Amino acid sequence: MILQIKFQVKKKVLSPEEIYHNRRKVVLPSDNDPDFTYGISTRPSTPFNQVISYYYYREFLKKQEENKRQEILQKKKLRREYYERMAAPANLLSNLASKRVQKKEVDPRSLYKMKKFSHAQPKIDSWWKFPPGIYPMETMDEYDANNTTINHPSPPKENQEIIEEEKDDEPNNTIQ
């Protein structure tokens with residue numbers, strides 16, 4: 001606007017009529033096209049015939065059925081692959097077992113020793129010469145019989161029932 005006023009002053013156009021005639025004409029899109037509208041473009045109208053006739057509902061159901069079919073096919077494929085893997089012949093496993101190298105048995109006490117302690121002797125000499133569970137019960141009973149500090153009954157012999165003696169003289173110390 002300021003440029004326009006400076007231009008008019010240079011030309012010495014001072015009356016409003018002269019200003020109106022000397023003004024540049026701006027061509028607007030609506031001048032050329034009477035159907036032109038300004039602002040946000042309009043969206044297409046909703047197809048009410050398709051909405052009323054449940055067209056979109058039927059389309060949705062078709063897609064759902066197709067998705068279910070694809071899911072079922074995928075599950076069948078996975079199931080078939082699983083059974084093929086699991087139904088391998090039994091001799092395949094035996095062949096694999098025969099190919100494996102058999103390891104020789106190693107004393108379990110030497111497995112857990114560090115190298116620098118491999119030649120060290122134990123500091124305590126106890127009656128446990130072997131890991132627990134290897135000794136027969138008779139050997140343990142003999143040890144208990146020789147040891148006077150242990151006072152418990154020996155295990156029952158074959159075909160002998162365990163009889164528990166009830167003592168009514170002692171009070172019951174349970175808290176209720």
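If you read the sequence shown in UniProt numbering, its first letter stands for residue 1, the second for the next number, and so on.
Yeah, the Cβ is synthetic: ideal placement off N, Cα and C, and Gly gets one too.
From a predicted model like this one, the values you see are computed outputs, not experimental measurements.
Distance, residue j Cα to residue i Cα
i: Leu-14; j: Lys-6; result: 11 Å
i: Gln-50; j: Lys-63; result: 17 Å
i: Lys-10; j: Asp-31; result: 31 Å
i: Asn-22; j: Thr-42; result: 38 Å
i: Tyr-56; j: Phe-48; result: 11 Å
i: Ala-120; j: Pro-108; result: 16 Å
i: Lys-68; j: Arg-80; result: 18 Å
i: Pro-122; j: Lys-104; result: 25 Å
i: Ile-72; j: Ser-45; result: 39 Å
i: Met-86; j: Gln-74; result: 18 Å
i: Asp-35; j: Tyr-54; result: 34 Å
i: Leu-78; j: Glu-84; result: 10 Å
i: Pro-16; j: Val-27; result: 21 Å
i: Ile-52; j: Tyr-20; result: 57 Å
i: Ile-40; j: Tyr-82; result: 58 Å
i: Asp-33; j: Arg-58; result: 42 Å
i: Phe-60; j: Arg-24; result: 58 Å
i: Ser-118; j: Lys-76; result: 58 Å
i: Val-106; j: Tyr-112; result: 11 Å
Range of the contiguous alpha helix (DSSP H) that encloses residue i
i: Tyr-54; result: Careful: Tyr-54 lies outside any alpha helix (DSSP H) and carries neither H nor E.
i: Phe-30; result: For clarity, residue 30 is Ser in the given sequence; the question names Phe instead. Counting along the chain, the alpha helix (DSSP H) containing Ser-30 begins and ends at 29-32.
i: Ile-19; result: 16-22
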